[in-house]
Amino acid sequence: MYSAASEYFYSAASTDQPNLRNPLLIPVETPSDKTLTPIPVHLPPSYLAASAVKIQAAYRGHLVRSFVRTILSVDADARRIERRIQRQETVDAIRDENSVERVRLNELLMKSLLRLDSVPGFYPAVRELRRNLSRRIVGLQELLDWIVMWKFFVKDGRNGADLILVL
């Protein structure tokens with residue numbers, strides 16, 4: 678019994694052009710029942726363990742890359758805030774008692790620290806990057822506080838010519 682057939686056009690007279698008038702039928706047999714025959718595959722245990730190790734290594738690599746991506750994003754924010762603090766007009770705005778700029782910069786630094794805290798530090802390289810960046814952000818916070826407090830520690834002498842630091 679033939680369940681499927683394929684048509685193949687063959688011409689005895691010419692090999693360049695197929696003869697469309699005399700098709701040659703080639704039968705293709707397929708099994709009549711649709712049941713699948715299971716093929717047992719016996720893999721050695723070391724093969725399965727090696728596969729698990731590869732999957733776990735790939736996932737750990739993905740985690741580390743995503744953690745480093747977050748750290749680099751926070752680092753870019755910290756660099757942007759640092760450049761902003763270094764501008765003279767920002768320093769002048771921060772020294773004002775009713776400064777919105779000071780509050781805004783403090784909030785940005787705290788937001789950066791909170792984003793950095795969301796990165797777990799159980800991988801040594803990620804932990805070291807996170808530690809260095811958090812120290813840098815805390816240093817920026819201290820610099821910001823120092824700029825604000827500077828006017829209380831500086832006593833202006835003769836027309837600003839002599840600056841005396843009171844400790």
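Residue numbers (the numbering used here): 678 to 844.
Even glycine gets a Cβ: it sits at the ideal position worked out from N, Cα and C.
Exposure label - residue i; buried when at least 16 CB within 10 Å
i	result
I771	buried
V811	The sequence given here places Ser at residue 811; Val does not occur at that position. Flag for S811 reads buried.
L791	exposed
L786	buried
L842	Residue placement at L842 is poorly supported in this model, since its pLDDT is 41, which falls under 50; the coordinates are not used for a value here.
Within 9 Å, strictly: CB atoms of residue i and residue j
i	j	result
I716	L806	no
R813	A755	yes
N775	Q818	no
Nearest-angstrom Cα separation, counted from residue j out to residue i
i	j	result
S789	V796	11 Å
N809	H719	50 Å
E912	A729	Nothing can be reported for residue 912, as the shown portion of the chain is limited to 678 through 844.
G816	P801	22 Å
V825	D773	8 Å
L740	I758	27 Å
A735	S723	18 Å
R764	A727	56 Å
G738	P721	26 Å
D769	S743	38 Å
R760	V780	17 Å
A753	T767	19 Å
F799	L725	27 Å
Rounded Cβ spacing between residue i and residue j (contact assumed at less than 8 Å)
i	j	result
L821	I732	The pair is not a contact, with the Cβ atoms about 46 Å apart (cut-off 8 Å).
L793	V751	5 Å
Cβ-based neighbour list, residue i, same chain, cut-off 7 Å, excluding 5 preceding and 5 following
i	result
W823	none
Beta-carbon proximity list for residue i, same chain, < 8 Å, skipping 5 on both sides
i	result
W827	R772
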